[in-house]
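Colleague:
In my numbering, the protein residues as written are 112 to 1079.
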């Protein structure tokens, strides 16, 4: 019996990792225990009344039974006398001899399937003194305490206990060690259970199945010694238990019958060869994936002749690979992400080479393997699954793959294969999944290649240069469920053979060179498809009129030549992208899509107002209507709190700043540029703390910039140019911490929050331009602008006044600062040179005065500067960087009559030179001049007075002269 159970579990593992389904179906039929029902009841023996009462008390502890599992548990039921016999209740089995309840089977298949029992495990079960089998798995029976009940340790006759999947927490009670007859124990996958001492397991001497998956055993260092004291063990699962090591030394191994060992998901971080279990020749299943082990595999592995399954994935195994040629029982090998180098020929040469090879699955994904596929692969023709994806294998695809007629899955994606596909691939009649994407394949695929692939359901050829050429009336022998042909050449006509793929749920034919209209059968054929991508072709004509019958969820039709009006659309949509076409007219009436998260219509000629039904899209994260002909005011969508990207630029929209955004704290990207919005910016704009991109260029906004604006600590890009905004810049600009570098005081959590631009992966906005370096430069999509950290402030062409605050120099991550065409006065901030990342600086056409600070010479990355048409005075700072800037823009100092010195032709006088302070300022020159003048005047008066006082000969003639002058 033990051997058959272990074999069944092994086959289940195979099913979860491959398409090995037909074997599992047979195993399930033969091995899976049937649920208890009336035919399990005793014949002529009734249920014990005391035990019936205990079961009814257990039912009272169940607060929810959505599947009605316990519906038959009642006295005097409507089915007559049988309902008074608990042996006939669902899930209950009694002894045929005594009538005592011996089994309670209430296990569920999935905790989250909506059918799980909810409540607690009642202590009334203690009255079932003869209970041998208890299965409560995958139910929510953690109760108020949330812990595994200690009283379960008093069910002395239990042989089987399954509490897996119940979200227990707290310590595993050692009282379970009192169940001396226990053979099967599964308390895996709880919520947060732990054990600090496993010694209680040593009292379970009949235990052959132990599953503690996800139980925290991080403080149990001697776990191998404990399990070694249970010689009856055949199955041991300690995966994801936070075990610290597996390199303990055991004098003698008692596990002569251990067949299943799963230690995956722990982090041992020691040499894999030092593990204690390599001499367990009885092992049939060994899983060490994600254990952090490294180094060479031990030679002992080559002697584990019973091994059928081995998984060493995501460790750091050193080459050369140990020789496995004698492991003739091996069925499944998983070695994903194990090797950082190696040759595919050498590795395959060390795989089992037996006369009757049982190997069914070989997974060598992501190992940086190089070389060509060797010719000596005949010993692998028994494979069902061959996965060599994401390596560096080169060369042509060999024709001998046509001999692998048992293959269900062939995955060679992410390599460097070249050339065309051999015709022999059509001989793989059992092949269900073929993945060749991300290779250098070219050439033509014809009907001959596809002719024998009658089992094919999943076909992935994207990002190759393959071309598919079949006749227009060809009907394929297969019916695809999922296919990806992106960048393959399927055109110029729309591929008619896809018409027969009525069951397909994923189809990508983007960038496929199709120059044709969408066929009339499109909506009907793909009515059940959930993902459809036809982007970046040259599709023409109208959209199908009957698209509303489809159940598509993600639909990409962007970057084509589609025309006409948008027809009624499917209600199932979660994403719709029909941007970059030539669609016109208003949006369809009554569009309903309650789960829509992304709507991208930019780059069309859609007219009219934005309809109010947009407000019903409560889940909407991205709304991109840019570059259209929309007009009027925005509808008041106050319930749209999940919006993250709102792109409305280049329309004729009007009204005030959208008030419905005041509760949109998730908003990260807002673009209202090139519209007719007016009014002042709201005070609550400072509540949009997640905002990273704000563009309001070319509108009619007026009034001051609110002081709360500086609360936008995540802001990286600000463009409010070409409006009527007035007043001074707000203080505390240093609070714009995303624009700061070395002076930033952001905590790590805020920094992580601000750098996370959370938009759907495949969303690409309209290309955005930035006025910088005196030009209108295109920086691509919004996500790219934020990805390259294009830190920018552009407030040009407004009515701003007052001083440029000195604290602006704290924004030292800025690349572009443009305050031109305003009315700023006073001096340029003295420490402007602290903006060391600055590449473009434009203060032109203001009323700035004073000298140009010497610190501007420190701007090493500056490639453009314009200070023209101000009232700047004094000597221009020197430096090779500024000289080269002047060479490329000779107008950068124009309109400042008081500037002098190189590179201008106006020379500075000696007086001017003497008055210039060492820091480049000249403001103190006039003060010193008047001070000297006053001192000279006083000294001169005193000299004349003293001369008259002490020189009588001068004094006598002078007084008559003063009297004579006074008389006049």
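Each residue gets a CB set at the ideal place from its N, CA and C atoms; glycine is no exception.
1) Once you ignore the five residues that flank residue 163 on each side, which residues in its own chain have a CB closer than 6 Å to its CB?
2) Are three or more beta carbon pairs between the stretch 627-644 and the stretch 578-585 nearer than 8 Å?
3) In whole angstroms, give me the CA-to-CA distance for residue 516 and residue 557.
4) From residue 263 to residue 751, what distance separates their C-alpha atoms?
5) Please report the Cβ distance between residue 528 and residue 508, rounded to the nearest whole angstrom; I am assuming they are in contact, meaning their Cβ atoms lie under 8 Å.
6) Buried or exposed for residue 836, please, with buried defined as at least 16 other CB atoms from any protein chain shown within 10 angstroms of its CB.
7) Less than 8 Å between the C-beta atoms of residue 201 and residue 180, yes or no?
8) Do residue 1006 and residue 969 have their C-beta atoms within less than 8 Å of each other?
9) Could you check whether residue 437 and residue 413 sit closer than 8 Å to each other, using their CB atoms as the reference points?
10) On the three-state DSSP scale, how would you describe residue 578?
11) Quick one: grab the DSSP three-state call for residue 151.
12) Could you check what DSSP says for residue 594 in three-state terms: helix, strand or coil?
13) Rounded to the nearest angstrom, what separates residue 245 and residue 204 at their Cα positions?
14) Near residue 143, which residues of its chain fall below 6 Å by C-beta distance, leaving aside the five closest residues on each side in sequence?
15) In this structure, how does DSSP classify residue 316 when only helix, strand and coil are distinguished?
16) What three-state label does DSSP hand residue 569 in the structure shown?
17) Considering residue 966, what are the terminal residues of the alpha helix (DSSP H) in which it resides?
18) For the putative contact between residue 615 and residue 597, defined by C-beta atoms under 8 Å, what is the C-beta separation to the nearest angstrom?
19) Using the Cβ count rule (16 or more neighbours within 10 Å means buried), how would you classify residue 60?
20) Could you pull out every residue in the same chain whose Cβ sits closer than 6 Å to the Cβ of residue 298, ignoring the five residues on either side in sequence?
21) Do you know offhand how far residue 343's Cα is from residue 406's?
22) Would you kindly report the start and end of the unbroken alpha helix (DSSP H) that includes residue 169?
23) What's the gap between the Cα of residue 350 and the Cα of residue 634?
24) Starting from residue 336, follow the alpha helix (DSSP H) in both directions and report where the run begins and ends.
25) Just to confirm the assignment: which complete beta strand (DSSP E) runs, minimum length 3, are found wholly within the stretch 687-727?
26) From the DSSP output, in three-state form, read off residue 490 for me.
27) Which of the three DSSP states, helix, strand or coil, is assigned to residue 1011?
28) Considering only DSSP beta bridges, list what residue 922 is partnered with.
29) Let's see if you can read the secondary structure: which residues bound the alpha helix (DSSP H) around residue 1002?
30) Would you mind stating whether residue 738 and residue 719 have Cβ atoms separated by less than 8 Å?
31) Would you report the Cα separation of residue 823 and residue 928, rounded to the nearest angstrom?
32) Which of the three DSSP states, helix, strand or coil, is assigned to residue 610?
33) May I ask you to report which of helix, strand or coil DSSP gives residue 387?
34) I'd like to know whether the C-beta atoms of residue 98 and residue 526 end up nearer to each other than 8 Å.
35) List the endpoints of the continuous beta strand (DSSP E) containing residue 199.
36) Out of curiosity, what's the CA-to-CA distance linking residue 321 and residue 222?
Modeller: Result, derived from the coordinates:
1) Your numbering for residue 163 matches position 52 in the chain shown. For residue 163, where only same-chain residues beyond five positions count, the Cβ hits under 6 Å are 197.
2) no
3) Position 405 of the chain shown, counting from 1, holds the residue named residue 516. Position 446 of the chain shown, counting from 1, holds the residue named residue 557. Distance between the alpha carbons of residue 516 and residue 557 is about 20 Å.
4) As a position in the chain shown, residue 263 is number 152, starting the count at 1. As a position in the chain shown, residue 751 is number 640, starting the count at 1. Their Cα atoms are separated by approximately 51 Å.
5) Taking the chain shown and counting its residues from 1, one reaches residue 528 at position 417. Taking the chain shown and counting its residues from 1, one reaches residue 508 at position 397. The Cβ separation is near 6 Å, so the contact holds.
6) Position 725 of the chain shown, counting from 1, holds the residue named residue 836. Answer is buried; the Cβ neighbour count reaches 16.
7) One-based indexing of the chain shown puts residue 201 at position 90. One-based indexing of the chain shown puts residue 180 at position 69. Yes, they are a contact pair.
8) Taking the first residue of the chain shown as 1, we reach residue 1006 at position 895. Taking the first residue of the chain shown as 1, we reach residue 969 at position 858. Cβ distance not < 8 Å, so residue 1006 and residue 969 don't count as in contact.
9) Here residue 413 refers to the residue found at position 302 when the chain shown is read from its first residue. Here residue 437 refers to the residue found at position 326 when the chain shown is read from its first residue. Contact flag set, yes.
10) Here residue 578 corresponds to residue number 467 of the chain shown, with the count starting at 1. Strand at residue 578.
11) As a first step, residue 151 is located in the chain shown; it is residue number 40 there, counting from the start. Its pLDDT being 42, under 50, residue 151 is placed unreliably in this model, and the coordinates cannot settle the point.
12) Within the chain shown, residue 594 is the residue found at index 483, counting from 1. Note: residue 594 maps to strand in three-state DSSP.
13) Working through the chain shown from its first residue, we reach residue 245 at position 134. Working through the chain shown from its first residue, we reach residue 204 at position 93. Using only the alpha carbons, I get a separation of about 11 Å.
14) In the chain shown, counting from the first residue as 1, residue 143 sits at position 32. Its pLDDT being 35, under 50, residue 143 is placed unreliably in this model, and the value from its coordinates should be taken loosely. Around residue 143: no qualifying Cβ.
15) Counted from its first residue, the chain shown places residue 316 at position 205. Coil, per DSSP.
16) Sequence index remark: in the chain shown, residue 569 carries index 458 (1-based). Here residue 569 sits in strand by DSSP.
17) Within the chain shown, numbered from 1, the residue matching residue 966 stands at position 855. Run containing residue 966: none; DSSP gives neither H nor E here.
18) Indexing the chain shown from 1 puts residue 615 at position 504. Indexing the chain shown from 1 puts residue 597 at position 486. Contact doesn't hold; Cβ gap of about 15 Å is too wide.
19) Summary: the structure shown does not reach residue 60, with the chain confined to residues 112 through 1079, and so no result is reported for it.
20) Sequence index remark: in the chain shown, residue 298 carries index 187 (1-based). Here the set comprises 274.
21) Against the chain shown, residue 343 aligns to sequence position 232. Against the chain shown, residue 406 aligns to sequence position 295. Between residue 343 and residue 406, the C-alpha separation is close to 32 Å.
22) Residue mapping note: residue 169 aligns to position 58 of the chain shown, counting from 1. Note, residue 169: alpha helix (DSSP H), 160-171.
23) Numbered from its first residue, the chain shown carries residue 350 at position 239. Numbered from its first residue, the chain shown carries residue 634 at position 523. If you take the alpha carbons of residue 350 and residue 634, they lie about 47 Å apart.
24) The residue given as residue 336 occupies position 225 in the chain shown. Run containing residue 336: 334-339, per the alpha helix (DSSP H) assignment.
25) 693-696, 709-711, 716-719
26) For the purposes of this step, residue 490 is taken as the residue at position 379 of the chain shown. In the structure shown, residue 490 sits in a helix (DSSP, three-state: H, G or I).
27) Taking the chain shown and counting its residues from 1, one reaches residue 1011 at position 900. Strand at residue 1011.
28) Within the chain shown, the letter at position 811 stands for residue 922. DSSP lists no partner for residue 922.
29) As a working mapping, residue 1002 is identified with position 891 in the chain shown. Looking at the DSSP string, residue 1002 is not in any alpha helix (DSSP H), and its letter there is neither H nor E.
30) Taking the first residue of the chain shown as position 1, residue 738 is located at position 627. Taking the first residue of the chain shown as position 1, residue 719 is located at position 608. In this structure, residue 719 does not lie closer than 8 Å to residue 738 by Cβ.
31) Here the question's residue 823 lines up with position 712 in the chain shown. Here the question's residue 928 lines up with position 817 in the chain shown. When rounded, the distance between both Cα atoms is 17 Å.
32) Position 499 of the chain shown, counting from 1, holds the residue named residue 610. Reduced to three states, the DSSP call for residue 610 is helix.
33) Residue mapping note: residue 387 aligns to position 276 of the chain shown, counting from 1. It is coil, neither helix nor strand.
34) No information on residue 98 is available, as it lies outside the stretch 112 to 1079 that the chain covers here.
35) Position 88 of the chain shown, counting from 1, holds the residue named residue 199. Run containing residue 199: none; DSSP gives neither H nor E here.
36) Taking the first residue of the chain shown as 1, we reach residue 321 at position 210. Taking the first residue of the chain shown as 1, we reach residue 222 at position 111. Cα-Cα distance, rounded: 21 Å.
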